[in-house]
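Only one structure is covered here, and it is reproduced in the block below.
Residue numbers (UniProt numbering): 1 to 290.
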C-alpha cells in the first residue's frame, strides 16, 4: 500500500523542475567552495614564501664602496642566528631586472646600480628587526625591503574573497533549503486528500513523511548527479589553465586532497539535508493537522 501511494504522491514534472534548479545551486556552491579553498591555499602558500624573505640594497654611489659594504653586510648577517640564508645578487641578475626599463644601459659598468642581497630570516616576529639592526650597524644608508609587508594588502583581499565564497555557499544552501520547504509544502497541499485516505488506511505520520523524504532525496540526488560533475569539470579545466600561467600567486591556488574532499562531499550533504528537511517539514505539518 505504501509503495502504491508513493506513486500517487509522485509528480514527475515538479520533480524535474526542482532538480534543475537545485542542480544550478549545487553547481554554484561547489564552485564557490573550491574557489574559497583554493584562495585560502594560495594565501597561505604566498604568505609562507614571502614572510621570511628580505632584500637588502646597498646604495653607495662608488662601486668599490658598495662592494666593500656588501661584503661586510653579508658577513655580519651570516653570523646572526636570525638569518637562515644570505645570497648576494649578481650584477648580471640585477641588469636583467632593470633591462625592461633601462635597456642596454643596464649592463654598463659605470651605472650606479645598488647591490642587492637576498636574505632568508628564521621564523619569528623579531627576525626582520634583527636583520634591520645588523644592516644599519654596517651601512646606515642601506635600504631594507621586507617582502611580507608587500603582501599585507593582498592578504586582506584574499581573506575577503574567502569570506565571500563562504557567504555564497551559505546562501546557496539556505536557498536550497527554502526551495525544498516550498516544494514539500506544495506537495502536501496538492496531495491532501491522498494523505487523508492514507491516514484512514492506517498509515502513520512517520510513514507519510518517509515517502516525501524519499522523493526529495531522489530529486536532490538527480540534481547532484547533474550539477556536481559539471562543477568538477570546470574546476579541473581552471586548474589546468592556472598551472600554465606561471604566476606565483595563481600557482598556489590548488585544491589539494582536502579541497577535493570538500567538493565531493558537499553535494552528498545537500542531498542528505534536503531529505532531512523534507521529513521534518512533513512531520511538523501533519502534527499540526492532528
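Note that beta-carbon positions come from the ideal geometry of N, C-alpha and C, so glycine has one too.
Taking its Cβ as the centre, do 16 or more other Cβ atoms sit within 10 Å of residue i, making it buried, or is it exposed?
| i | result |
| --- | --- |
| residue 265 | exposed |
| residue 37 | buried |
| residue 178 | exposed |
| residue 31 | buried |
| residue 204 | exposed |
| residue 69 | buried |
| residue 61 | exposed |
| residue 272 | exposed |
| residue 97 | exposed |
| residue 142 | buried |
| residue 256 | exposed |
| residue 4 | For residue 4, the predicted structure reports a pLDDT of 45, less than 50, and the residue's modelled location is therefore unreliable. A value from the coordinates is still provided. So residue 4 counts as exposed. |
| residue 211 | buried |
| residue 236 | exposed |
| residue 198 | buried |
| residue 274 | buried |
| residue 29 | buried |
| residue 233 | exposed |
Using only CA atoms, which one of the options lies nearest to residue i?
| i | options | result |
| --- | --- | --- |
| residue 66 | 215, 114 and 147 | 114 |
| residue 123 | 144, 85 and 136 | 85 |
| residue 208 | 287, 35, 52 and 37 | 287 |
| residue 166 | 34, 22 and 27 | 34 |
| residue 82 | 89, 88, 119 and 180 | 119 |
| residue 58 | 126, 144, 162 and 173 | 144 |
| residue 184 | 213, 137, 255 and 273 | 213 |
| residue 116 | 134, 73, 137 and 221 | 73 |
| residue 262 | 206, 216, 231 and 171 | 231 |
| residue 121 | 71, 285, 87 and 268 | 87 |
| residue 180 | 53, 270 and 75 | 270 |
| residue 77 | 126, 63, 133 and 282 | 133 |
| residue 111 | 64, 79, 136 and 137 | 64 |
| residue 24 | 189, 259, 173 and 126 | 173 |
Quick one: grab the DSSP three-state call for residue i.
| i | result |
| --- | --- |
| residue 3 | Note on residue 3: pLDDT 47, under 50, position unreliable in the model; the coordinate value appears next. Three-state DSSP puts residue 3 in a helix. |
| residue 64 | helix |
| residue 191 | coil |
| residue 299 | Nothing about residue 299 can be reported from this structure: the residues present for the chain run from 1 to 290 only. |
| residue 204 | coil |
| residue 8 | Residue placement at residue 8 is flagged as unreliable, the pLDDT there being 49, under the threshold of 50; a coordinate-derived value is accordingly withheld. |
| residue 236 | helix |
| residue 291 | Since the first residue shown for the chain is 1 and the last is 290, residue 291 is missing from the structure and cannot be characterised. |
| residue 59 | coil |
| residue 166 | helix |
| residue 280 | helix |
Near residue i, which residues of its chain fall below 6 Å by C-beta distance, leaving aside the five closest residues on each side in sequence?
| i | result |
| --- | --- |
| residue 294 | Residue 294 falls outside the range modelled here, since the chain spans only 1 to 290, and no answer is possible. |
| residue 158 | 39 and 43 |
| residue 91 | none |
| residue 280 | none |
| residue 8 | Confidence at residue 8 is low in this model, with a pLDDT of 49, below 50, so its placement is unreliable and no value can be given for it. |
| residue 285 | 188 |
If you drop the 5 nearest sequence neighbours on each side, which residues of the same chain put their C-beta closer than 8 Å to that of residue i?
| i | result |
| --- | --- |
| residue 17 | none |
| residue 276 | 213 |
| residue 239 | 254 and 255 |
Does any residue of chain C bring its CB to less than 8 Å from the CB of residue i?
| i | result |
| --- | --- |
| residue 213 | The structure shown has no chain C; it contains just one protein chain. |
Might you give, ordered along the chain, the residues of its own chain that have their beta carbon closer than 7 Å to the beta carbon of residue i, omitting 5 neighbours on each side?
| i | result |
| --- | --- |
| residue 128 | 54, 121 and 146 |
| residue 221 | 271 |
| residue 217 | 271, 274 and 275 |
Output the residue ranges of the beta strand (DSSP E) runs that lie fully inside the stretch 84-148 and measure 3 residues or longer, sorted by chain position.
115-121 and 143-146
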